[in-house]
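Report on the structure given below.
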Amino acid sequence: MNARAKVATCVNCRQMKVRCDAKELFPAACSRCGKKGLRCFIDPSFQRTAKRKRAEELEKELREIKAASFASTSNTSAAPEDNHLGSPTEQPRASLVSSSAYPEYSSAVPSSAFATQRIGEIEVSSAAIAEIITAFFSFCHEDFPILPDLLYFVRGYNRCKFLFWVVIAIGSKNTEDHEQLYTQLRPHIRLLASDLDGAVEHALGTVQALLLLCWWPFPFQATRNDPSWTYSGFAVHIALRSGIHRPHHFSDFMYNDRLDDAGIQAFRKAWIGCFIVNQLLASELGVPSTVPVDNTIVSALGGQTSSRLPKPLEQHLRIAYHSYNICNTLGNSDATTSGLVHGSIGIIKILEKGLQELEIELARDMTTHTAIALLRVKLQLQSFVFTDDQLDRSDLRIENRAADHLSKVETYSTKIIDLAAQAAPVRSAPHIWTIILRTSVVYAAHILLRLLAYSENLDGGLIQNSIGQAWMLFNSQSELENDSWARLREIITYLSRIGTSQNTPGAASVRARMSANIAIESIWRARGRFSEEVLREKPSDYTEAEAMRDLMRFGLDLIIGDDPFEETDPTLLQESLLPVDEDF
Numbered sequence: 001m002n003a004r005a006k007v008a009t010c011v012n013c014r015q016m017k018v019r020c021d022a023k024e025l026f027p028a029a030c031s032r033c034g035k036k037g038l039r040c041f042i043d044p045s046f047q048r049t050a051k052r053k054r055a056e057e058l059e060k061e062l063r064e065i066k067a068a069s070f071a072s073t074s075n076t077s078a079a080p081e082d083n084h085l086g087s088p089t090e091q092p093r094a095s096l097v098s099s100s101a102y103p104e105y106s107s108a109v110p111s112s113a114f115a116t117q118r119i120g121e122i123e124v125s126s127a128a129i130a131e132i133i134t135a136f137f138s139f140c141h142e143d144f145p146i147l148p149d150l151l152y153f154v155r156g157y158n159r160c161k162f163l164f165w166v167v168i169a170i171g172s173k174n175t176e177d178h179e180q181l182y183t184q185l186r187p188h189i190r191l192l193a194s195d196l197d198g199a200v201e202h203a204l205g206t207v208q209a210l211l212l213l214c215w216w217p218f219p220f221q222a223t224r225n226d227p228s229w230t231y232s233g234f235a236v237h238i239a240l241r242s243g244i245h246r247p248h249h250f251s252d253f254m255y256n257d258r259l260d261d262a263g264i265q266a267f268r269k270a271w272i273g274c275f276i277v278n279q280l281l282a283s284e285l286g287v288p289s290t291v292p293v294d295n296t297i298v299s300a301l302g303g304q305t306s307s308r309l310p311k312p313l314e315q316h317l318r319i320a321y322h323s324y325n326i327c328n329t330l331g332n333s334d335a336t337t338s339g340l341v342h343g344s345i346g347i348i349k350i351l352e353k354g355l356q357e358l359e360i361e362l363a364r365d366m367t368t369h370t371a372i373a374l375l376r377v378k379l380q381l382q383s384f385v386f387t388d389d390q391l392d393r394s395d396l397r398i399e400n401r402a403a404d405h406l407s408k409v410e411t412y413s414t415k416i417i418d419l420a421a422q423a424a425p426v427r428s429a430p431h432i433w434t435i436i437l438r439t440s441v442v443y444a445a446h447i448l449l450r451l452l453a454y455s456e457n458l459d460g461g462l463i464q465n466s467i468g469q470a471w472m473l474f475n476s477q478s479e480l481e482n483d484s485w486a487r488l489r490e491i492i493t494y495l496s497r498i499g500t501s502q503n504t505p506g507a508a509s510v511r512a513r514m515s516a517n518i519a520i521e522s523i524w525r526a527r528g529r530f531s532e533e534v535l536r537e538k539p540s541d542y543t544e545a546e547a548m549r550d551l552m553r554f555g556l557d558l559i560i561g562d563d564p565f566e567e568t569d570p571t572l573l574q575e576s577l578l579p580v581d582e583d584f
């Protein structure tokens with residue numbers, strides 16, 4: 001019997017000796033943890049700490065915090081002339097900051113460097129621009145450094161209107177005084193994204209802006225409403241048309257024009273950014289990447305260029321390249337109708353060695369984001385075990401060859417969620433998750449839901465705790481009814497509660513979606529939460545159709561207000577015509 005089943009009280013309630021409803025509310029947190037924003041999990045081995053001992057521990061922690069705070073204040077006062085640009089890997093990450101949160105940058109970007117900017121009815125002062133751009137480069141840039149350094153960007157901040165407003169929108173989410181700009185700028189930015197004339201006039205800036213929008217996406221409802229895949233394709237096509245992929249031969253694309261070293265580096269980073277983002281989104285959707293591996297990418301992978309890439313970008317490139325090889329080798333074969341390779345277990349072991357070597361090479365310099373990205377690719381590789389034709393489809397759990405792979409799947413999935421919880425704690429205010437965090441945690445959650453069928457062979461308690469933690473992460477990010485986070489939360493709730501009754505061990509039934517087979521199958525199974533009436537209609541948005549059905553049953557359809565997600569962006573209207581039937 002599962003050890004978790006014997007214990008129905010979370011560790012926090014056990015510590016306080018109070019009643020716990022964790023078992024009834026799973027995968028949501030128990031009532032007490034939910035109110036206090038605590039991580040709710042069950043651990044059969046947990047031992048209560050005596051009140052006196054706990055009080056002593058808290059007192060010690062408080063003294064350490066005060067000492068650290070005093071030391072930090074002393075260092076800042078002693079070195080006011082230090083104006084270097086810090087790295088997120090060198091300082092704690094904050095979800096919301098004010099100008100006082102980064103005093104060392106206050107003189108790096110004077111407000112006099114900017115003029116007041118307007119777009120539509122929105123006006124942003126020069127002082128606000130300085131603060132927001134500083135926040136972007138302090139807390140966002142190092143995660144995906146495709147832009148030039150801060151001072152270089154400031155000198156040409158108004159060259160590309162689209163790029164400027166994208167940086168302002170993303171940066172504003174990391175400030176206290178200007179956070180409202182993030183929502184206000186959203187419709188204006190999406191209109192700028194469809195400006196073909198601007199794309200021709202400012203090709204590099206447009207590509208950079210589109211990639212940033214993919215890396216820090218705006219909120220959306222169903223996946224079919226997420227423009228990231230369209231933006232990625234747009235960025236790739238603009239880059240190809242403008243010669244960004246061939247920086248050393250720019251004059252072949254722009255008459256009698258050449259790039260200096262800084263220009264070549266800017267083009268390289270933009271094209272490599274195209275490859276990274278496109279592969280991330282392609283693997284999430286379960287389709288082949290549309291960016292070819294060319295000399296620019298291969299040279300960067302081999303370190304054959306005179307100027308190196310920023311470390312995080314280089315790491316993301318190497319990780320994305322392994323993902324590209326895995327997905328195409330195992331899931332995009334021209335010998336089968338589904339694209340799957342027959343007898344993939346042996347190939348998986350070979351590709352696994354390459355990932356192990358990469359992990360050793362990156363270990364010293366990995367950030368939380370690159371660590372999560374690497375775990376996601378390792379999880380992608382192991383996911384192909386579920387679609388291997390050589391395994392017994394009726395009872396995968398008893399296969400000795402599969403046991404080791406299932407254990408790795410469990411380890412990678414739970415580790416992704418643990419790291420994501422550290423990077424974006426559930427008690428912090430909602431902030432923009434990067435594409436790395438979003439795709440990795442969502443993928444890990446779907447895989448863990450699949451592992452519920454093998455709980456007797458794995459650590460069922462650990463799996464359920466991680467699923468609950470993922471639920472809390474999604475819940476903390478949800479800001480609007482029926483947004484993508486709320487939908488993910490409902491999928492987890494439904495599939496967790498039906499348990500193994502509809503989740504029998506065996507190979508996945510979805511087979512043509514490359515490394516996304518398990519995730520897509522999970523989404524299909526979650527359709528069972530909708531009514532028969534809605535399922536028969538096969539609407540483009542099942543969640544919205546179900547909500548409308550419920551409203552109409554009670555005669556409330558006449559009082560529905562404006563849809564906060566309503567779009568006027570032509571690119572979204574075009575994408576809605578595509579045969580995409582994914583509601584998550």
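With the UniProt record's numbering, the residue at position 101 of the sequence shown is 101, and numbering never jumps.
Don't be surprised by glycine CBs; every beta carbon is placed ideally from N, CA and C.
In the DSSP output, which residue or residues are listed as bridge partners for residue i?
i      : result
Val124 : Gln117
Thr290 : In the DSSP output, where bridge partners are listed per residue, Thr290 has none listed.
Counting C-beta neighbours from all protein chains within 10 Å, is the total for residue i 16 or more, i.e. buried, or is it exposed?
i           : result
Asp388      : buried
residue 594 : No statement about residue 594 is possible, as the shown extent of the chain runs from 1 to 584 and does not include it.
Asp292      : Per the sequence shown, the amino acid found at residue 292 is Pro instead of Asp. Classification for Pro292: exposed.
Lys349      : exposed
Glu142      : buried
Leu196      : exposed
Asp226      : buried
Ala526      : buried
Ala335      : exposed
Lys173      : buried
Asp252      : exposed
His249      : exposed
Met472      : buried
Gly243      : buried
Lys378      : buried
Asn465      : buried
Gln574      : Reliability of the predicted coordinates at Gln574 is poor, the pLDDT of 46 falling under 50, and no value is obtained from them.
Ala199      : buried
For residue i, which three-state DSSP category applies?
i      : result
Thr296 : helix
Thr336 : coil
Thr387 : helix
Thr175 : strand
Val109 : coil
Asp404 : helix
Glu456 : coil
Gln47  : coil
Tyr255 : coil
Ser509 : coil
Phe275 : helix
Pro247 : helix
His446 : helix
Give the straight-line distance between the Cα atoms of residue i and residue j, rounded to the nearest whole angstrom.
i      : j      : result
Ser496 : Glu359 : 32 Å
Gly273 : Glu64  : 41 Å
Phe46  : Leu452 : 23 Å
Val124 : Gly171 : 13 Å
Ala209 : Ala363 : 30 Å
Met552 : Glu532 : 16 Å
Ile435 : Trp216 : 6 Å
Thr329 : Met514 : 10 Å
Asn482 : Asp541 : 11 Å
Arg376 : Phe384 : 13 Å
Thr223 : Val534 : 19 Å
Leu150 : Leu285 : 34 Å
Ala127 : Leu185 : 18 Å
Ile498 : Ile463 : 15 Å
Tyr494 : Ala8   : 20 Å
Glu131 : Asp177 : 10 Å
Tyr231 : Met548 : 30 Å
I want to check one thing, is the minimum distance from the CB of residue i to the heavy atoms of the ligand GTP below 7 Å?
i      : result
Trp229 : Looking at this structure, you won't find the ligand GTP or any other ligand, since it has none at all.
Every unbroken alpha helix (DSSP H) within the stretch 308-371, with a cutoff of 4 residues, ordered by chain: Runs of the alpha helix (DSSP H) inside the stretch 308-371: 311-331, 345-362.
Secondary structure, alpha helix (DSSP H): runs of 4+ residues fully inside the stretch 155-236: The alpha helix (DSSP H) runs of length 4 or more contained entirely in the stretch 155-236 are, from start to end of the chain, 161-172, 180-193, 196-201, 203-215.
Every unbroken beta strand (DSSP E) inside the stretch 512-560 [3 residues or more]: List check, beta strand (DSSP E) in window: nothing returned.
Completely contained alpha helix (DSSP H) runs for the stretch 459-505, where each covers 4 or more residues: DSSP runs (the alpha helix (DSSP H)) wholly in the stretch 459-505: 460-477, 484-498.
4 or more residues per run - each alpha helix (DSSP H) lying fully within the UniProt domain "Zn(2)-C6 fungal-type" (9-42): Here the runs fully enclosed are 11-16, 22-25, 31-36.
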